[in-house]
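Participant: Here you go, one structure.
There are 2 protein chains.
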Amino acid sequence: LLSKQPAKGTKLPIYSGEVGPVWSYPEHQLDCVVADPKKGTKMYGLKSYIEYQVTPTTTNRPVNHRYKHFDWLYERLLDKFGSAIPIPCLPDKQVTGRFEEEFIKMRMERLQGWMLRMCRHPVVSSSDVFQLFVSYKDEKDWKTGKRRAEKDETVGVMIFSTIEPQGVQDLDLTEVEQKCDQFSRFTKAMDDGVKDLLNVGNEHWKRCTGPLPKEYQRIGKAFQNLSSVFNSSGFQGEASLTDALTAAGKTYEEIALMVAEQPKKDLHKLMETNNEYKGLLGCFPDTIAVHKVTPSPYSLRQSFRPKLHTGLMRKCAAIEKVKEGDKLVATSKINPTDKTAMTKRLSVMSYALQAEMSHFHTNRIYDYNLVMQQYLEEQVKFYETIAEKLRHAHSEFTTM
Amino acid sequence: LLSKQPAKGTKLPIYSGEVGPVWSYPEHQLDCVVADPKKGTKMYGLKSYIEYQVTPTTTNRPVNHRYKHFDWLYERLLDKFGSAIPIPCLPDKQVTGRFEEEFIKMRMERLQGWMLRMCRHPVVSSSDVFQLFVSYKDEKDWKTGKRRAEKDETVGVMIFSTIEPQGVQDLDLTEVEQKCDQFSRFTKAMDDGVKDLLNVGNEHWKRCTGPLPKEYQRIGKAFQNLSSVFNSSGFQGEASLTDALTAAGKTYEEIALMVAEQPKKDLHKLMETNNEYKGLLGCFPDTIAVHKVTPSPYSLRQSFRPKLHTGLMRKCAAIEKVKEGDKLVATSKINPTDKTAMTKRLSVMSYALQAEMSHFHTNRIYDYNLVMQQYLEEQVKFYETIAEKLRHAHSEFTTM
Chain A
2 LLSKQPAKGT KLPIYSGEVG PVWSYPEHQL DCVVADPKKG TKMYGLKSYI
52 EYQVTPTTTN RPVNHRYKHF DWLYERLLDK FGSAIPIPCL PDKQVTGRFE
102 EEFIKMRMER LQGWMLRMCR HPVVSSSDVF QLFVSYKDEK DWKTGKRRAE
152 KDETVGVMIF STIEPQGVQD LDLTEVEQKC DQFSRFTKAM DDGVKDLLNV
202 GNEHWKRCTG PLPKEYQRIG KAFQNLSSVF NSSGFQGEAS LTDALTAAGK
252 TYEEIALMVA EQPKKDLHKL METNNEYKGL LGCFPDTIAV HKVTPSPYSL
302 RQSFRPKLHT GLMRKCAAIE KVKEGDKLVA TSKINPTDKT AMTKRLSVMS
352 YALQAEMSHF HTNRIYDYNL VMQQYLEEQV KFYETIAEKL RHAHSEFTTM
Chain B
2 LLSKQPAKGT KLPIYSGEVG PVWSYPEHQL DCVVADPKKG TKMYGLKSYI
52 EYQVTPTTTN RPVNHRYKHF DWLYERLLDK FGSAIPIPCL PDKQVTGRFE
102 EEFIKMRMER LQGWMLRMCR HPVVSSSDVF QLFVSYKDEK DWKTGKRRAE
152 KDETVGVMIF STIEPQGVQD LDLTEVEQKC DQFSRFTKAM DDGVKDLLNV
202 GNEHWKRCTG PLPKEYQRIG KAFQNLSSVF NSSGFQGEAS LTDALTAAGK
252 TYEEIALMVA EQPKKDLHKL METNNEYKGL LGCFPDTIAV HKVTPSPYSL
302 RQSFRPKLHT GLMRKCAAIE KVKEGDKLVA TSKINPTDKT AMTKRLSVMS
352 YALQAEMSHF HTNRIYDYNL VMQQYLEEQV KFYETIAEKL RHAHSEFTTM
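Those sequence lines, one after another, are chains A and B.
Adding 1 to a residue's 1-based position in the first sequence gives its number in the working numbering.
Adding 1 to a residue's 1-based position in the second sequence gives its number in the working numbering.
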């Protein structure tokens, strides 16, 4: 809290917005497309890898990146912003089967999701390292930029020194603590909610791709089987019934296929979004721990983010430090001016957290609105198509 | 086959119809309603029973019958017509819980189904004993009629003596055998088909009333849970999302209820019809055995119909007897005139079986057409209602 401000570097202003403290947002939001995965080789074909094409809307010029480059970017962002901004993990590294088409498609989709989330963040997307990643000019530019980024000294809690709340009053300790507790409670509760939805979603996925379509298929087969038995009766006037019964049976077989394919069309996106949020929410405990040591259950989650040394963070948890401030002044370990500076710095940190939460909430409302709409739209289509198919099957029967 | 014709009794003509030999059908089909189950008591309240009201369309005057009266009727019909006409078993007798509302309702429904099937049969419905059952005038009339029916001597294979094919040629042994084999194959195949459908129907029922609605309920709860977490964010502009998310969650809870209730609305009737046919098809082996000894698997089914002594039937299986005819003539055990009479009688039996099969097929086509239409109609309604509910849930979200 008493560390010096870094000599240079971009300042990060925080403004007072309608919803509370907010980061400074660019006029045009950066966006980028991750596409066109290509297999590349190195060392005369001994080593092969997948390269993705990343095209930012700003330059509209594609650059190539391997997964390990994304991982490098993640590390830089985590070092630089991790104390103030939750940087979600990249999609899992997977060693076996990593050239399988399905896996590559899934990873690309998730890298796209991760990039989009980073693009949307005003602080991350405007940072030098992120700009380098999406728009380096050539190999030399990339190499030089990489070296510079790796030497960046504004890492860890240093980031707070660059944050400058504009036109807002300093917060007192109680306010800071209240906000901190509120965010902690919220992110914990949302984490539970998201995991709950993921659990039932997973079970539903299994049912929809496993036993349920099998059952519809068996119903379809049973109808068709009965139809072919009827057909063998040698009795006159079977045809109208047997044709209709066969059609009904085939309809249920079609429904079986639809049921099995449906999760990919709707549940998939819902699950992916919730998985992303699970990842993001898993970062909050660390971000909040910079402000205040929260009692576990969070400590269990640390395993997700080995790079942030929780022990270190705990020692410098800001609220506890400021609380100790008076004692430190009394025992002349720091002087009253330092104490005032510490409180002021804590206020800055709280504004940063509040700005981050505003950012999180805005995105969350947008994302969940969108994903729920997409989910329900596909569900409606699904049930309507089934109803339509069955209506047609029904019309094949003779009214008696 | 050489038994004398009974002295009196109604003759049962068989005509040559469009679909082959047919029974003589009445101009107006008898129908009756089984309704209004009432608890009655006997012996000063020591014994209690359920009495059903049976109202035939002919008299439109209700008569009361207990289950044991239906059972009595079943025994009479089986004795009298069982060799020529498959008389399906009554719904199971159940001792424990027989006064539970659900059980009474189900039994009544099944008795109704059984009565309807008997009413539809021209031979059964026009028989004295059946007419007595549905339209006895008073207790005395019932008692007298009961005694008379119990003394009826035209039982077992005697029924064939009353059957008179009109304006048709005698069939030769090969034709008879062919028809017999064809019916045997068909009823066996349909029996398998029906059981297959019943099996998958039962599993589907369990899934639809067990794990599936539970899952939809959990999805609904997960959405609502997330909504209430979002609501606690303290962030502005949550309401439009949280309200919509709650509505979506409630919709899935409603869907859960719909899924659980649906089998009663559609699968139930489909299963009941197939159960009826399973019962009916279980009677055919015995009916066919009168004509020809068929190798098992049918022998396993005999347990269903203890009243028809299969051993006896086998001994008098008509086709085998006629085949032995020449030998019997050669050894002077019967004379050639008897042999001719035997062949003629076999022809009559075959006409009876063919008339019965025509009756069966006609009813089967009607029943399956109807039940499939009802099933699909309800299924369409079900999926349309879900789609409609989800469309409404979707409209609650804000387009962004």
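Yeah, the Cβ is synthetic: ideal placement off N, Cα and C, and Gly gets one too.
Assign P27 of chain B to buried or exposed, taking buried as 16 or more other Cβ atoms, counted over all protein chains shown, within 10 Å of its Cβ.
Facilitator: Exposed, since its Cβ has fewer than 16 Cβ neighbours within 10 Å.
Participant: For the structure I just gave you, are there three or more beta carbon pairs, one from the region 48-55 of chain B and one from the region 74-85 of chain B, closer than 8 Å?
Facilitator: No, they do not touch.
Participant: Can you tell me whether DSSP reads V156 of chain B as helix, strand or coil?
Facilitator: Coil, per DSSP.
Participant: Helix, strand or coil for L13 of chain A? Go by DSSP, reduced to three states.
Facilitator: Three-state result, L13 of chain A: strand.
Participant: For the candidate residues A:G211, A:M373, A:F184, A:A342, whose alpha-carbon lies nearest to that of P286 of chain A?
Facilitator: Comparing Cα-Cα distances from P286 of chain A to each of A:G211, A:M373, A:F184, A:A342, the minimum goes to A:F184.
Participant: Beta-carbon separation of W24 of chain A and H362 of chain A under 8 Å?
Facilitator: No.
Participant: Assign Y51 of chain B to one of three DSSP states: helix, strand, or coil.
Facilitator: Note on identity: in this sequence residue 51 of chain B is Ile, with Tyr being the wrong assignment. Looking at I51 of chain B - three-state DSSP - the assignment turns out to be strand.
Participant: Short of 7 Å in beta carbon distance, which residues of its chain neighbour P298 of chain A, apart from the five on each side in sequence? Order them along the chain.
Facilitator: With a pLDDT of 39 at P298 of chain A, under the threshold of 50, the modelled position of that residue is not reliable, and the figure given next carries that caveat. No residues qualify anywhere along the chain.
Participant: What residues from chain B crowd round P398 of chain A, counting only those whose CB sits closer than 7 Å?
Facilitator: Here residue 398 of chain A turns out to be Phe, not Pro, going by the sequence shown. Within chain B, the residues near F398 of chain A are N370, M373, Q374.
Participant: Let me confirm a value: H29 of chain B is counted as buried when at least 16 other C-beta atoms fall within 10 Å, else exposed. Which label applies?
Facilitator: Under this definition H29 of chain B is an exposed residue.
Participant: Determine whether the beta carbon atoms of W206 of chain A and P166 of chain A lie at a separation below 8 Å.
Facilitator: Against a cut-off of 8 Å, the Cβ pair of P166 of chain A and W206 of chain A comes out as no contact.
Participant: Once DSSP output is grouped into helix, strand and coil, what is the label at H165 of chain B?
Facilitator: First, the amino acid is wrong: residue 165 of chain B is Glu here, not His. Three-state result, E165 of chain B: strand.
Participant: Note down, in chain order, every chain A residue with its Cβ under 9 Å from the Cβ of I220 of chain B.
Facilitator: Ordered by position in chain A, the residues that pass the 9 Å Cβ test against I220 of chain B are L198, V201, G202, H205.
Participant: Anything in the region 172-191 of chain B with a Cβ closer than 7 Å to a Cβ of chain A? List those residues in chain order, please.
Facilitator: Here the close residues are Q183, F187, A190, M191.
Participant: Leaving out five residues on either side along the sequence, give the residues of the same chain with a beta carbon under 6 Å from the beta carbon of R108 of chain A.
Facilitator: Correct list, in chain order: P92.
Participant: Would you call the region 370-390 of chain A in contact with the region 241-256 of chain B, where contact means no fewer than 3 C-beta pairs closer than 8 Å?
Facilitator: Yes: the two stretches touch, three or more of their Cβ pairs being nearer than 8 Å.
Participant: According to DSSP, what are the bridge partners of H66 of chain A?
Facilitator: Note: H66 of chain A sits in a beta bridge opposite A:Y53.
Participant: In the DSSP assignment, find the unbroken alpha helix (DSSP H) run with G326 of chain B in it and report its ends.
Facilitator: Unbroken alpha helix (DSSP H) run through G326 of chain B: 319-331.
Participant: Which residue comes first and which comes last in the beta strand (DSSP E) that contains P413 of chain B?
Facilitator: Residue 413 of chain B lies beyond the residue range present for chain B, which begins at 2 and ends at 401; the question has no answer from this structure.
Participant: From B:A319, B:S17, B:N232, B:E385, pick the residue whose C-alpha is nearest to that of A190 of chain A; which is it?
Facilitator: With distances taken between Cα atoms, A190 of chain A lies closest to B:N232.
Participant: Out of curiosity, what's the CA-to-CA distance linking M272 of chain A and M259 of chain B?
Facilitator: For M272 of chain A and M259 of chain B, the distance between alpha carbons rounds to 25 Å.
Participant: What are the uninterrupted segments assigned as alpha helix (DSSP H) that are 4 or more residues long and contained completely in the region 229-274 of chain A, given in chain order?
Facilitator: Counting only runs of 4 or more, we get 240-266.
Participant: Should T288 of chain B be labelled buried (16 or more other beta-carbon atoms within 10 Å of its own) or exposed?
Facilitator: Classification of T288 of chain B: buried, given that the 10 Å Cβ count is 16 or more.
Participant: What three-state label does DSSP hand P27 of chain B in the structure shown?
Facilitator: If DSSP states are grouped into helix, strand and coil, P27 of chain B belongs with coil.
Participant: So, at 6 Å on beta carbons, what are the nonlocal neighbours of K293 of chain A in its own chain, with the 5 sequence-adjacent residues on each side left out?
Facilitator: The residues are C181, A318, I320.
Participant: Within 10 angstroms of the Cβ of S228 of chain B, are there 16 or more other Cβ atoms? Answer buried if so, exposed if not.
Facilitator: Buried is the call here.
Participant: Quick check: E216 of chain A and E204 of chain B, are their CB atoms within less than 8 Å of each other?
Facilitator: Yes, the Cβ-Cβ distance between E216 of chain A and E204 of chain B is below 8 Å.
Participant: Is it buried or exposed, F383 of chain A, if we count other Cβ atoms within 10 angstroms and call 16 or more buried?
Facilitator: It is buried - the Cβ of F383 of chain A has at least 16 other Cβ atoms within 10 Å.
Participant: How long is the line joining the alpha carbons of T210 of chain A and H393 of chain B, rounded to whole angstroms?
Facilitator: Cα to Cα, the separation comes out at about 27 Å.
Participant: Which one of A:C120, A:P57, A:D171 has the shortest CA to CA distance from A342 of chain A?
Facilitator: Closest by alpha carbon: A:D171.
Participant: Answer yes or no: do D267 of chain A and Q380 of chain A have a C-beta to C-beta separation smaller than 8 Å?
Facilitator: The answer is yes: Cβ separation under 8 Å.
Participant: Looking at C-alpha atoms only, which residue of B:Y352, B:E397, B:F134, B:E378 is the closest neighbour of T60 of chain B?
Facilitator: With distances taken between Cα atoms, T60 of chain B lies closest to B:F134.
Participant: Could you give the first and the last residue of the continuous alpha helix (DSSP H) run that contains D1 of chain A?
Facilitator: There is no way to answer for residue 1 of chain A, as the model of chain A reaches only from 2 to 401.
Participant: Counting only beta-carbon atoms, is V23 of chain A nearer than 8 Å to chain B?
Facilitator: Output row for V23 of chain A: interface = no.
Participant: Is any beta-carbon of chain B found at less than 8 Å from that of F285 of chain A?
Facilitator: Not one chain B Cβ lies under 8 Å of F285 of chain A.
Participant: Answer with buried or exposed for H395 of chain B, where buried requires no fewer than 16 other C-beta atoms within 10 angstroms of its C-beta.
Facilitator: It is buried - the Cβ of H395 of chain B has at least 16 other Cβ atoms within 10 Å.
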